[in-house]
Amino acid sequence: MARGDLPRAGLSRIVSLYLPFWPTDRIRRRLGADAPAPEAALALVGRAGRRRVVRSVDLVARKAGLCPGTPVAKAQALYPDLTIMDADPQGDREGLEKLALWFQRRMAPVVAVDPPDGIVLDTTGADHLHGGEQAMLAAMVLRLRRTGVTAKAAVADSLGAAHALARYGRARMLVVPPGEAAAAMADLPIAALRLPDDIVDGLHALGVSRIGPLAGMPRAPLALRFGPEVARRLDQAFGRVAEAIVPIRPVEPVEVSRNFAEPIGAAETIARMIGTLVPPLCQLLEERGQGGRCFDLLLHRVDSRAEAIRIATAQPVRAAGRLIRLLCEKIETIDPGFGIERMVLTVSWAEPMGVRQAMSLLDEADEPDVSGLIDSLANRVGTQALYRFMPVESDMPERSFCRVPALAPDEAKDWPDHWPRPMRLLPRPEPVHAMAELPDQPPIFFIWRGVRRKVRCADGPERVFGEWWKGDAELTTARDYFRVEDTSGERFWIYRAGDGEHGETGSQGWFLHGIFG
3 MARGDLPRAG
13 LSRIVSLYLP
23 FWPTDRIRRR
33 LGADAPAPEA
43 ALALVGRAGR
53 RRVVRSVDLV
63 ARKAGLCPGT
73 PVAKAQALYP
83 DLTIMDADPQ
93 GDREGLEKLA
103 LWFQRRMAPV
113 VAVDPPDGIV
123 LDTTGADHLH
133 GGEQAMLAAM
143 VLRLRRTGVT
153 AKAAVADSLG
163 AAHALARYGR
173 ARMLVVPPGE
183 AAAAMADLPI
193 AALRLPDDIV
203 DGLHALGVSR
213 IGPLAGMPRA
223 PLALRFGPEV
233 ARRLDQAFGR
243 VAEAIVPIRP
253 VEPVEVSRNF
263 AEPIGAAETI
273 ARMIGTLVPP
283 LCQLLEERGQ
293 GGRCFDLLLH
303 RVDSRAEAIR
313 IATAQPVRAA
323 GRLIRLLCEK
333 IETIDPGFGI
343 ERMVLTVSWA
353 EPMGVRQAMS
363 LLDEADEPDV
373 SGLIDSLANR
383 VGTQALYRFM
393 PVESDMPERS
403 FCRVPALAPD
413 EAKDWPDHWP
423 RPMRLLPRPE
433 PVHAMAELPD
443 QPPIFFIWRG
453 VRRKVRCADG
463 PERVFGEWWK
473 GDAELTTARD
483 YFRVEDTSGE
493 RFWIYRAGDG
503 EHGETGSQGW
513 FLHGIFG
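With the working numbering applied, the sequence shown has no gaps in its numbers, which climb one by one up to 519 at the end.
Rendered as structure tokens:
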């Protein structure tokens, strides 16, 4: 393919999530404690005419040689311990739609179902909110894995390329740089192009099995023999032909829209149109007794592409002024192209919002409302960058707190105050070289990051034991923490891994864990 045929960087970025064992993973999640053991082979079966055949298998069954389409009798003969359950295609589809809505609320506004085992996300301009494309894919796959769903993911310039690489690529997560989809797909089988089976068989008969050689063949003979489908799928995969993604929508969405007789493109005009869309949307929310937590503005361009703006709020909101301001702050991210012909403003996440009584002179003054400030900051730097800490019941310092949203409700837990803790903990304890008398004396000096520090005074030790219920490795673990101050007045929180006497309690090495302000 000529260099000029490559898609231009920045046009669009599409993520394809492939869930190879979605039906069996969903069944295991639904059954919970009653699900078959993870090491047990599971097959979901259905009817094909008068026969019962395997519809889906899990990883264990696949490794045993079972595959969809195998008659149930043959599958049981090959694997006598096979667990058989009825397939539920309708439940699989509904579960996939719910999962797509979950991703739509948290990752990107344009999300579609790619049945029977996939989800597609248009993440153009949204990856920076999640730490970049690689971190975004890792977060998606990790979240699914934590819920028991196996997933592969790929991001590329087009839906066809992302779909092919997620299903036929070797990597669990793959980021294809802009403009390099053709090279990344060259060694994939032609089945990755979503061609009908008869066309795939016909190409195999010609000796063509990979996308690279197929892309280099003359188009006219291919069209004469197989019709336009081969060229269309190649062009879609390489980004030459746009492929529409119809985003999934919640049931009865709260949305307003406006069509334009003439395309618009100026930032001032877009801002003015936003000002006309937001008030009626807030009126709909008020009629439902709801407030919005996530709002999506879709701008449909005349070239059939869509631009999207997403804003999120820390609390339910239906104040028109605040929403207009938050949306207008993101106008500069819009590429109007040759013009915008339609705008749709949707509430992607709504919560109940009651009427609040105004404060009287006899009431105590409420705490200042900082939700507006938090919303402005979050829509500039991302919600992941704004958080606060909440105490967690744990003896291990690194587990004694967790990050929560900035306006998360307070729980009935207080920070422990029996021993002072540093305001800053290191991401992980760093080893130091120290000299100390055993078994329970503080160090005389220690060397951290190449700097020797003489200890002037110290307080401790504070003995912290491992949490035995976390695993066998912590049954005998112990740490002795000291608050030390060096001759320059700096104060540190260091500990010895072990009790200073018994080797099974730890390595007896010294570590620096925190710094006092």
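We put the CB at the ideal spot given by N, CA and C, even for glycine.
Around the C-beta of Ile446, are 16 or more other C-beta atoms found within 10 angstroms, so that it is buried, or is it exposed? Translated into positions along the sequence shown, residue 446 becomes position 444. Burial call: exposed.
Going by CA-CA distance only, name the one from Phe448, Gly93 and Met87 that's closest to Glu432. As a position in the sequence shown, residue 432 is number 430, starting the count at 1. Per the Cα distances, Phe448.
Using the Cβ count rule (16 or more neighbours within 10 Å means buried), how would you classify His504? As a position in the sequence shown, residue 504 is number 502, starting the count at 1. Answer is exposed; the Cβ neighbour count stays below 16.
Start-to-end residues for the alpha helix (DSSP H) that takes in Gln136: Counted from its first residue, the sequence shown places residue 136 at position 134. First-last of the alpha helix (DSSP H) with Gln136: Glu135 to Arg148.
Which value, in whole angstroms, describes the spacing of the CA atoms of Cys284 and Leu44? Translated into positions along the sequence shown, residue 284 becomes position 282. Translated into positions along the sequence shown, residue 44 becomes position 42. Approximately 49 Å between the Cα atoms of the pair.
Return the CA-CA distance between Ala185 and Val178, expressed in angstroms with no decimal places. Working through the sequence shown from its first residue, we reach residue 185 at position 183. Working through the sequence shown from its first residue, we reach residue 178 at position 176. In a straight line, the C-alpha of Ala185 is about 9 Å away from that of Val178.
Alpha helix (DSSP H) runs wholly inside the segment 5 to 82, at least 4 long, in chain order: 24 to 33, 61 to 65 and 74 to 80
Alpha carbons only, please: which of Gly291, Ser160, Val62 and Arg49 is nearest the one belonging to Val354? Counting from 1 along the sequence shown, the entry for residue 354 is found at position 352. For the record, residue 354 in the displayed sequence is Pro; it is not Val. Closest option to Pro354, Cα to Cα, is Gly291.
Between the CA atoms of Ala188 and Ala4 - distance to the nearest angstrom: For this step, residue 4 is matched to residue 2 along the sequence shown. For this step, residue 188 is matched to residue 186 along the sequence shown. Confidence is the limiting factor: at Ala4 the pLDDT is only 38, short of 50, which leaves the residue's position unreliable, though a coordinate-based value still follows. Going from the Cα of Ala4 to the Cα of Ala188 covers about 14 Å.
Within a Cβ cutoff of 8 Å, which residues of the same chain sit near Phe520, ignoring the five residues on either side of it in sequence? Residue 520 lies beyond the residue range present for the chain, which begins at 3 and ends at 519; the question has no answer from this structure.
Cβ-Cβ distance between Leu301 and Ile250 below 8 Å: For the purposes of this step, residue 301 is taken as the residue at position 299 of the sequence shown. For the purposes of this step, residue 250 is taken as the residue at position 248 of the sequence shown. The answer is no: Cβ separation not under 8 Å.
Cβ pair Ala314, Ala239 closer than 8 Å: Counted from its first residue, the sequence shown places residue 314 at position 312. Counted from its first residue, the sequence shown places residue 239 at position 237. No; because the gap between Cβ atoms is not below 8 Å, this pair is not in contact.
Once the 5 residues before and after Arg493 are set aside, which same chain residues still bring their CB inside 6 Å of it? By 1-based counting over the sequence shown, the position of residue 493 is 491. Answer for Arg493: Glu487 and Phe518, listed in chain order.
If the criterion is Cβ atoms closer than 8 Å, does the pair Asp83 and Val47 meet it? Taking the first residue of the sequence shown as position 1, residue 83 is located at position 81. Taking the first residue of the sequence shown as position 1, residue 47 is located at position 45. Not closer than 8 Å, so no.
Three or more beta-carbon pairs under 8 Å between the segment 308 to 322 and the segment 55 to 73, yes or no? no
For Leu197 versus Ile213, is the C-beta distance shorter than 8 Å? Along the sequence shown, read from residue 1 onward, the residue named residue 197 stands at position 195. Along the sequence shown, read from residue 1 onward, the residue named residue 213 stands at position 211. No, these two residues do not count as a Cβ contact at 8 Å.
Pairwise C-alpha distance: Gln92 and Ala37: Numbered from 1 along the sequence shown, position 35 holds the residue referred to as residue 37. Numbered from 1 along the sequence shown, position 90 holds the residue referred to as residue 92. Taking the straight line joining both Cα atoms gives about 20 Å.
Would you tell me roughly how many angstroms separate the C-alpha atoms of Lys154 and Pro338, rounded to the nearest one? The residue given as residue 154 occupies position 152 in the sequence shown. The residue given as residue 338 occupies position 336 in the sequence shown. The straight-line gap from Cα to Cα measures roughly 33 Å.
Start-to-end residues for the alpha helix (DSSP H) that takes in Ala186: Within the sequence shown, numbered from 1, the residue matching residue 186 stands at position 184. First-last of the alpha helix (DSSP H) with Ala186: Ala183 to Met187.
Looking at the strands, I want to know which residues DSSP matches up with His302. In the sequence shown, residue 302 corresponds to position 300, counting from 1. Bridge partners of His302: Ala308 and Arg344.
Have a look at Glu476, Pro429 and Asp482 and flag the residue whose alpha-carbon is nearest the alpha-carbon of Val466. Counted from its first residue, the sequence shown places residue 466 at position 464. Nearest C-alpha to Val466: Asp482.
Per-residue DSSP class, three states only, for Met87: Position 85 of the sequence shown, counted from the start, is the residue given in the question as residue 87. It is a strand residue.
State yes or no: is the C-beta of Leu161 within less than 8 Å of the C-beta of Glu245? Residue numbering aside, residue 161 sits at position 159 when the sequence shown is read from its first letter. Residue numbering aside, residue 245 sits at position 243 when the sequence shown is read from its first letter. Cβ atoms of Leu161 and Glu245: closer than 8 Å.
Consult DSSP for His504 and reduce its assignment to one of helix, strand or coil. Locating residue 504 in the sequence shown gives position 502, counting from the first residue. The answer is coil: DSSP assigns His504 none of H, G, I, E or B.
Locate the beta strand (DSSP E) running through Asp461, then write down its first and last residues. One-based indexing of the sequence shown puts residue 461 at position 459. Here the beta strand (DSSP E) through Asp461 covers Val453 to Phe467.
Who are the near neighbours of Ala77 in its chain, counting only those whose CB is closer than 7 Å to its CB and skipping five residues on each side? Within the sequence shown, numbered from 1, the residue matching residue 77 stands at position 75. Cβ within range, chain order: Ala45, Val56, Leu68 and Leu84.
In DSSP terms, what Asp116 is bridged to: The residue given as residue 116 occupies position 114 in the sequence shown. Answer by DSSP bridge pairing, in chain order: Gly120.
For Arg49, is the classification buried or exposed, using 16 other Cβ atoms within 10 angstroms of its Cβ as the cut-off for buried? For the purposes of this step, residue 49 is taken as the residue at position 47 of the sequence shown. Per the 10 Å Cβ criterion, exposed.
Roughly how many angstroms lie between the CA atoms of Gly511 and Thr478, to the nearest whole one? In the sequence shown, the residue the question calls residue 511 occupies position 509. In the sequence shown, the residue the question calls residue 478 occupies position 476. Their backbone Cα atoms lie some 16 Å apart in a straight line.
Exposed or buried, which one is Phe105 when buried takes at least 16 other CB atoms within 10 Å? Translated into positions along the sequence shown, residue 105 becomes position 103. The residue is buried, with at least 16 neighbouring Cβ atoms inside 10 Å.
I'd like to confirm the pairing. Which residues does DSSP put opposite Glu487 in its beta bridges? Here residue 487 is taken as the residue at index 485 of the sequence shown, counted from 1. According to DSSP, which records beta bridges pairwise, Glu487 is partnered with Cys459 and Arg493.
Is Asp501 near Pro441, with beta carbons less than 8 Å apart? Within the sequence shown, residue 501 is the residue found at index 499, counting from 1. Within the sequence shown, residue 441 is the residue found at index 439, counting from 1. Taking 8 Å as the Cβ cut-off, Asp501 and Pro441 qualify as a contacting pair.
Other residues of its chain near Leu325: CB distance less than 6 Å, five sequence neighbours each side excluded: Walking along the sequence shown from the start, residue 325 turns up at place 323. If we look at Leu325 and ignore the five residues flanking it on each side, its Cβ neighbours are Val280.
Below 6 Å CB to CB, which residues in the same chain sit around Ala436 once its five sequence neighbours on both sides are set aside? As a position in the sequence shown, residue 436 is number 434, starting the count at 1. Around Ala436: Pro445, Phe448 and Trp512.
In angstroms, rounded to a whole number, what distance separates the CA positions of Ala410 and Arg64? Here the question's residue 410 lines up with position 408 in the sequence shown. Here the question's residue 64 lines up with position 62 in the sequence shown. Going by the C-alpha atoms only, they are around 44 Å apart.
With 16 as the cutoff for other CB atoms within 10 Å, does Gly51 come out buried or exposed? Here residue 51 is taken as the residue at index 49 of the sequence shown, counted from 1. Answer is exposed; the Cβ neighbour count stays below 16.
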